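Throughout the sequence shown, residue numbering follows UniProt numbering, covering 1 to 350 in sequence.
Quick reminder that beta carbons are idealized off the backbone N, C-alpha and C, glycines included.
On a predicted model such as this, the values are computed, not experimentally measured, just so you know.
Taking it in order: structure first as structure tokens, then the write-up.
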Amino acid sequence: MHRTAFVWDDKYLNYSFPGDHPFKSIRESRAKKYMEERGFFHVVEMVKPDEPDESLLLSVHSADYVDFVKSMSVLGEGLLDYGDTPAFKGVYESALIRVMGSVTGVRLLSRGFDHAVNVGGGLHHAQRRSASGFCVFNDVAIAALEGKKYFNKVAIVDVDGHHGDGTQALLYDDPDVLKISLHMYHRGFFPGSGDVNETGEGEGKGYTVNVPLPPGTGDDAYLYTFENVVLPLLQRFRPNLIIIQEGGDSHFDDPLVELKLSTRGYLSLIRKLHEFSHSQGNGKILLLGGGGYNYDATARTWVVSVAELAGIEEQEVESLHDCCLTSSSPFVMERVKEVVKRVKEVHGIP
Ligand SMILES: [Zn+2]
Ligand SMILES: [Zn+2]
Numbered sequence: 001m002h003r004t005a006f007v008w009d010d011k012y013l014n015y016s017f018p019g020d021h022p023f024k025s026i027r028e029s030r031a032k033k034y035m036e037e038r039g040f041f042h043v044v045e046m047v048k049p050d051e052p053d054e055s056l057l058l059s060v061h062s063a064d065y066v067d068f069v070k071s072m073s074v075l076g077e078g079l080l081d082y083g084d085t086p087a088f089k090g091v092y093e094s095a096l097i098r099v100m101g102s103v104t105g106v107r108l109l110s111r112g113f114d115h116a117v118n119v120g121g122g123l124h125h126a127q128r129r130s131a132s133g134f135c136v137f138n139d140v141a142i143a144a145l146e147g148k149k150y151f152n153k154v155a156i157v158d159v160d161g162h163h164g165d166g167t168q169a170l171l172y173d174d175p176d177v178l179k180i181s182l183h184m185y186h187r188g189f190f191p192g193s194g195d196v197n198e199t200g201e202g203e204g205k206g207y208t209v210n211v212p213l214p215p216g217t218g219d220d221a222y223l224y225t226f227e228n229v230v231l232p233l234l235q236r237f238r239p240n241l242i243i244i245q246e247g248g249d250s251h252f253d254d255p256l257v258e259l260k261l262s263t264r265g266y267l268s269l270i271r272k273l274h275e276f277s278h279s280q281g282n283g284k285i286l287l288l289g290g291g292g293y294n295y296d297a298t299a300r301t302w303v304v305s306v307a308e309l310a311g312i313e314e315q316e317v318e319s320l321h322d323c324c325l326t327s328s329s330p331f332v333m334e335r336v337k338e339v340v341k342r343v344k345e346v347h348g349i350p
């Protein structure tokens, strides 16, 4: 019914920045542990990523940048961008294996799986010629291009707390990939882009959708944007593949982002996309990870989402949930409604 693959390689754990850097792969290992403890892998099939293929990187990154990461990977020190993303020994190989995980997920969907999960993916800030925001290679954009080969029309729904700026920039003129990013938007907040008026260029005009949310946005307001913007856009676009970037840093306990999603809110979003894909499309979903700096909340968020896709009973993951849905203050709710109104106007949503 919901044949689900979990793409995993222990080498994912090597992609973990040293010292007190906030990006740690304990998120991925803990998610896998929670799944093992609950018997997920009797239902979900664990699959290794395909062999590393450097040519995939060149579909979105410049050859100079790929060579630069390789040399820094040997050196094992220095920076891959202007300050957030340090090099470490083996960074090239560990970033490439995560890209392979997302690409493999797409290929599995073309071979009979309904859903594929790569919690090691979702590195949405990486740019053509640079790392950014802890992301070395942009597996989201690369997976979308791979997805076009099998599914023609791909939608990316990015619910990370930060704007999916790299994905947007790499596919800005592509009308076959609908890019929807919901994120916190606030003066001085990384990466600074993602306003409503960024809508794409050339043939891709109108296929980039940004929903900039104020700090304090809770489950109720977030779900309101889904009902009023995300689902109508998907209904209009009719994708044959939905890629979800599920960064866990929109969670209320995240130390870097001031959005207020609970695990129950995240689950509601995933469920809406899941129901949409089966009722109005072919059901193909690639679920990726992303940011997330409260490691346990991020792992729990991912696991309840995998349970939803794989059709695992809710009671199996009840102990991983936050107590309840969160609500937004009246002030924040009003601001979110204004954002939704603007997005509807700009994108012609009735
Ligand atoms: Zn399903
Ligand atoms: Zn993020």
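Taking the continuous beta strand (DSSP E) assigned at residue i, which residues delimit it?
| i | result |
| --- | --- |
| residue 116 | 115-118 |
| residue 87 | First-last for residue 87: undefined, no H or E at that position. |
| residue 212 | 208-213 |
| residue 6 | 4-7 |
| residue 234 | Counting along the chain, residue 234 falls outside any beta strand (DSSP E), though it belongs to the alpha helix (DSSP H) covering 231-237. |
| residue 245 | 241-245 |
| residue 165 | Note, residue 165: premise wrong, no beta strand (DSSP E); alpha helix (DSSP H) at 165-170. |
| residue 288 | 285-288 |
| residue 158 | 154-158 |
| residue 45 | 45-47 |
Applying the 10 Å Cβ sphere with the 16-neighbour rule, what's the burial state of residue i?
| i | result |
| --- | --- |
| residue 99 | buried |
| residue 138 | buried |
| residue 282 | exposed |
| residue 245 | buried |
| residue 82 | exposed |
| residue 134 | buried |
| residue 21 | exposed |
| residue 315 | exposed |
| residue 55 | exposed |
| residue 146 | buried |
| residue 63 | exposed |
| residue 71 | exposed |
| residue 130 | buried |
| residue 292 | buried |
| residue 212 | buried |
Kindly list the residues whose CB is nearer than 7 Å to the CB of residue i, restricted to its own chain and excluding five residues on each side of it in sequence; keep chain order.
| i | result |
| --- | --- |
| residue 299 | 27, 30, 31, 34 |
| residue 74 | none |
| residue 152 | 176, 240 |
| residue 276 | 231, 234 |
| residue 312 | 40, 43 |
| residue 354 | The first residue shown for the chain is 1 and the last is 350, placing residue 354 beyond what the model contains. |
| residue 295 | 24, 26, 27, 30 |
| residue 342 | 196 |
| residue 124 | 135, 138, 140, 158, 160, 164, 166, 167, 245, 290 |
Report all residues from its chain with a CB closer than 8 Å to the CB of residue i; omit the five preceding and five following residues, and keep chain order.
| i | result |
| --- | --- |
| residue 11 | 93, 94, 97 |
| residue 170 | 60, 127, 128, 138, 141 |
| residue 108 | 5, 7, 47, 116 |
| residue 198 | 168, 208, 210 |
Tell me the residue span of the alpha helix (DSSP H) that contains residue i.
| i | result |
| --- | --- |
| residue 61 | Per DSSP, residue 61 belongs to no alpha helix (DSSP H) and is neither H nor E. |
| residue 181 | Segment 177-184 is the beta strand (DSSP E) holding residue 181; no alpha helix (DSSP H) there. |
| residue 142 | 139-151 |
| residue 331 | 330-347 |
| residue 296 | 295-310 |
| residue 131 | No alpha helix (DSSP H) holds residue 131; DSSP gives it neither H nor E. |
| residue 280 | 263-280 |
| residue 220 | 219-225 |
| residue 37 | 26-37 |
Can you determine whether any heavy atom of ligand 2 sits closer than 7 Å to the C-beta of residue i, and answer yes or no?
| i | result |
| --- | --- |
| residue 21 | no |
Among residues of its own chain, excluding the 5 on either side of residue i, which ones have a beta-carbon nearer than 6 Å to its beta-carbon?
| i | result |
| --- | --- |
| residue 228 | 340 |
| residue 307 | 317 |
| residue 346 | 196 |
| residue 110 | 150 |
| residue 113 | 3, 5 |
| residue 333 | 221 |
Relative to ligand 4, is the shortest distance from any of its heavy atoms to the C-beta of residue i smaller than 7 Å?
| i | result |
| --- | --- |
| residue 97 | In the structure on display, ligand 4 does not appear, and the ligands it does have are ligand 1 and ligand 2. |
Lining residues of ligand 1 - beta-carbon closer than 6 Å to any non-hydrogen atom, in sequence order: 2, 114, 115, 274, 278, 283, 309
Residues passing the C-beta test against ligand 2 heavy atoms, cut-off 5 Å: Those residues are 160, 161, 162, 247, 249, 291, given in chain order.
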